[in-house]
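**Q** Take a look at this one; I'll ask things after.
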């Protein structure tokens, strides 16, 4: 297997970007990533995106983004895995380099969500659920996660106030990340008094709606040395699936797709959860962040809420978690999120992440999923 | 680069499949492909599909199909490249094996188009065009291709009757393919008197709307020998892009994405166009089939219509073209088409294609694109 390296990263600040269309926004991140990789010339492009079809009537997204980025002609395709599209696009891009097909591959995640009213976006997001067995009953994505959160609280005895520590800490980190959408601090009181979205999920348990794009330049080993002084190796990748509809799962507090994807990535990178210094996990809602920590093997089942509330997983801890602010505060432009995570971890390992730093991490991890841990990708990076 | 082989193929007959949903239809093809590969156990799944989001509100398609096929847990993602989704999914699946990530990978293309009125499907298909620069003017996909067909006829002096030879021959082949949607013969007279869809395109120049799924089992070299007595090697793959909107192209009668994708695939397989014995090309409309033959290097620019009308490209010719009946008569369940093509070529090389046979071909090619040659994949197979 050929070794693959991240040699360039680029991100836009997550937020309302009424000034640019999908192609232009993706190109903004791409240009930054190419600049960061000393003007690398990508031979192929993988685009992670969830909602271009449902919100913008736009398919052929690979070709569209290639053209906006001045790359007309390159190989391209679009990867969809709902909110996990970005992470899966990273794995797809990895395989294009590792296979020997291409030496330099660009991966971009892009999403525009702010052009429409929240009701329209919520309906588009609900396409991550099972259309035949869940959507027809009027379910939304927050309502599905609310079932999981209630069960988590009841089963493990987690209090509302303890869970609120998650968004509080994410906003603290986000306030110091120049790319974050929500750059203000909040208190436990703010969280528990914020409006109910789908009980027990409140507004401040939920990741915001935002536009954003993030890009990576991936390169084979020999090329990587020319394009970067600080290449970061993609040491392991894993993907796994679960049922789309929650009703056919045996245990809603397990997240087997996260566990299986992580096992594959750990095995490939020859590391264990204890070796991970810094991680970005998928906290679309407070409870999904906690489930990630448990399924990734960072903490025992049912204990993430307590250990997090007690202060673990901060900067310098093993691992430091979501120093970007996570989906909660950096933002969650759904199909782009997985690429943001990998870009952030790569920057932590290089030492140039512009927000809260993890110290001097050697090994990092990004975990991104579509649906309620319906399909997960895990990427392990090494300095 | 690890060698990759097709060790199993499975197809459903293209047609109206009101009896099954997307997941069930995909599973039907998957079960056949797995049976054909001696009960192979895939570790990963790539799903090619265009319209699950726009017609069925369904994302997370990789996980959904995995679950319906009894493969819950496997790695999975969904590839979109409009009508070229299937072929790009094949290349993505190829890279997952060639990279060493997995030894056995399933690729399935699936599309359901018949559940909705034609007007709804036509609108969904138009997502292959540029939403901001073409769709807003009310353009449809047939109308874009009509511009190209008129220009082709005018520039190269092709007569309406000569062009009609394409669909006539496709229906002849289709009538003998048990998987084809349109299994009846037509005459030149039928074509030129069929209703106008978008002048000069008539009904019988157009591929039909249909439901269908096709699947491949891909395997690494050592595993392939165990799963098949007649493994077919994926000897070369290529992908390339052009602009989405036609107005920004220099020459509407060129198809550079087809040319570039083919060059890459030929180079990788160490073959030239003259070596290809059997091919499936993307005749969504009569004119796109002709442009493919020219851009693939089988015939000079502007001459495909004449040589085809004179009888070239039949069984035993080099290459034999679209013996399945092509998109025109086998049918064009858009996101599945590219996988049908590769399955058909693999069967031609194995000698067990159940329709018109190419003789004893050694090298075959499948060319599939999204949009009007907006993003193309080319796959070269070798016995």
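Residue numbers (the numbering used here), protein chains in the order written: chain A, 1 to 383; chain B, 1001 to 1383. Idealized CB from N, CA, C, for every residue including glycine. Predicted, not measured: the structure shown is a model, and the values here were computed from it.
Rounded to whole angstroms, how far is the Cβ of residue 1218 (chain B) from the Cβ of residue 1107 (chain B), which I believe are closer than 8 Å?
**A** The pair is a contact, with the Cβ atoms about 6 Å apart (cut-off 8 Å).
**Q** How many Å lie between residue 1131 (chain B) and residue 58 (chain A) at the Cα?
**A** Whole-angstrom Cα-Cα distance: 6 Å.
**Q** Would you list, in chain order, the members of the region 1224-1252 of chain B that have their beta-carbon closer than 9 Å to a beta-carbon of chain D?
**A** This model lacks chain D altogether; the protein chains it does include are A and B.
**Q** Once you ignore the five residues that flank residue 1192 (chain B) on each side, which residues in its own chain have a CB closer than 6 Å to its CB?
**A** Cβ neighbours of residue 1192 (chain B) beyond the five flanking positions: 1160 and 1164.
**Q** Between the region 323-337 of chain A and the region 231-250 of chain A, do three or more beta carbon pairs fall short of 8 Å?
**A** No, they do not touch.
**Q** Spatial neighbours of residue 1168 (chain B) within its chain, please: C-beta separation below 7 Å, excluding the five flanking residues on both sides.
**A** So the qualifying residues of the chain are 1186, 1187, 1188 and 1191.
**Q** Could you tell me which whole beta strand (DSSP E) segments of length 3 or greater appear in the region 272-313 of chain A?
**A** Whole beta strand (DSSP E) segments, 3+ residues: 278-280.
**Q** Count the other C-beta atoms from every protein chain shown that fall within 10 angstroms of the C-beta of residue 1223 (chain B), then say buried if there are 16 or more, exposed otherwise.
**A** Counting Cβ neighbours within 10 Å, residue 1223 (chain B) comes out buried, since at least 16 surround it.
**Q** Can residue 358 (chain A) and residue 320 (chain A) be called in contact, C-beta distance under 9 Å?
**A** Their beta carbons are under 9 Å apart, which means residue 358 (chain A) touches residue 320 (chain A) by this criterion.
**Q** Considering only the alpha carbon of each residue, which of B:1024, B:1124, B:1314 and B:1088 lies closest to residue 1139 (chain B)?
**A** Considering only alpha carbons, the answer is B:1124.
**Q** Which bits of chain B does residue 138 (chain A) rub up against, with CB to CB less than 8 Å?
**A** By Cβ distance, chain B contributes nothing, its closest Cβ being about 13 Å from residue 138 (chain A), past 8 Å.
**Q** Taking the alpha-carbon of residue 105 (chain A) as reference, which of B:1239, B:1166 and B:1014 has the nearest alpha-carbon?
**A** Among B:1239, B:1166 and B:1014, the Cα nearest to that of residue 105 (chain A) belongs to B:1239.
**Q** If contacts are defined as beta-carbon pairs under 8 Å, then residue 14 (chain A) and residue 180 (chain A) qualify, I think. What distance do you get, rounded to the angstrom?
**A** Correct: roughly 7 Å between the Cβ atoms.
**Q** Considering only the beta carbon of each residue, do residue 947 (chain B) and residue 1366 (chain B) sit closer than 9 Å?
**A** Nothing in the structure corresponds to residue 947 (chain B), since chain B is present only between 1001 and 1383.
**Q** Using the rule of at least 16 other Cβ atoms within 10 Å of the residue's Cβ for burial, across every protein chain shown, is residue 1351 (chain B) buried or exposed?
**A** By the 10 Å Cβ count, residue 1351 (chain B) comes out exposed.
**Q** Could you check whether the Cβ of residue 96 (chain A) sits closer than 9 Å to any Cβ belonging to chain B?
**A** Cβ-Cβ to chain B under 9 Å: yes for residue 96 (chain A).
**Q** Assuming residue 1227 (chain B) contacts residue 1343 (chain B) (C-beta within less than 8 Å), just tell me the rounded distance between them.
**A** About 15 Å; that fails the 8 Å criterion.
**Q** Which chain B residues are close to residue 374 (chain A), counting only those with a beta carbon under 7 Å from its beta carbon?
**A** 1060 and 1063, listed in chain order.
**Q** For residue 382 (chain A), name the three-state secondary structure that DSSP assigns.
**A** Of the three classes helix, strand and coil, the one that applies to residue 382 (chain A) here is strand, per DSSP.
**Q** To the nearest angstrom, report how far apart residue 1052 (chain B) and residue 1021 (chain B) are at their CA atoms.
**A** The alpha-carbon atoms of residue 1052 (chain B) and residue 1021 (chain B) are separated by roughly 10 Å.
**Q** Return the bridge partner residues of residue 1375 (chain B) from the DSSP annotation.
**A** Answer is B:1241 and B:1370.
**Q** Taking the alpha helix (DSSP H) that residue 1349 (chain B) falls in, what are its first and last residues?
**A** Residues 1337-1350.
**Q** Along the chain, where does the beta strand (DSSP E) that runs through residue 111 (chain A) open and close?
**A** Run containing residue 111 (chain A): 104-111, per the beta strand (DSSP E) assignment.
**Q** Which residues in chain B sit within 7 Å of residue 57 (chain A), going by Cβ to Cβ distance?
**A** Going along chain B in sequence order, the residues near residue 57 (chain A) (Cβ under 7 Å) are 1127, 1131 and 1135.
**Q** Residue 364 (chain A): which of A:355, A:353, A:354 and A:379 sits nearest, CA to CA?
**A** Of the listed residues, the one whose Cα sits closest to residue 364 (chain A) is A:379.
**Q** Using CA coordinates, which residue listed in A:207, A:12, A:79 and A:294 is at the minimum distance from residue 141 (chain A)?
**A** Considering only alpha carbons, the answer is A:207.
**Q** Whole angstroms are fine: how far does the CA of residue 1110 (chain B) sit from the CA of residue 1324 (chain B)?
**A** About 18 Å.
**Q** Are the CB atoms of residue 347 (chain A) and residue 9 (chain A) within a distance shorter than 9 Å?
**A** Closer than 9 Å, so yes.
**Q** Output needed for residue 237 (chain A): all residues of its chain with C-beta closer than 6 Å, excluding positions within five of it in sequence on either side, in chain order.
**A** Result list for residue 237 (chain A): 91, 94, 265 and 379, in chain order.
**Q** Nearest to residue 242 (chain A) by alpha carbon, out of A:128, A:210, A:275 and A:101?
**A** Residue 242 (chain A) has its Cα closest to that of A:128, out of A:128, A:210, A:275 and A:101.
**Q** From what residue to what residue does the alpha helix (DSSP H) around residue 149 (chain A) run?
**A** Where residue 149 (chain A) is concerned, the enclosing alpha helix (DSSP H) stretches over 141-156.
**Q** Mind checking if residue 1143 (chain B) is an interface residue toward chain A, Cβ cutoff 9 Å exclusive?
**A** No - not a single Cβ of chain A is within 9 Å of the one on residue 1143 (chain B).
**Q** Decide if the region 1306-1317 of chain B is in contact with the region 1144-1152 of chain B; the criterion is three or more beta carbon pairs, one per stretch, under 8 Å apart.
**A** No, the region 1306-1317 of chain B is not in contact with the region 1144-1152 of chain B.
**Q** Nearest-angstrom Cα distance between residue 1088 (chain B) and residue 1381 (chain B)?
**A** Cα-Cα distance, rounded: 15 Å.
**Q** Where does residue 1229 (chain B) sit, in a helix, a strand or coil, going by DSSP?
**A** Coil.
**Q** State the Cα-Cα distance for the pair residue 254 (chain A) and residue 148 (chain A), rounded to the nearest angstrom.
**A** Approximately 10 Å, taken between the alpha carbons.
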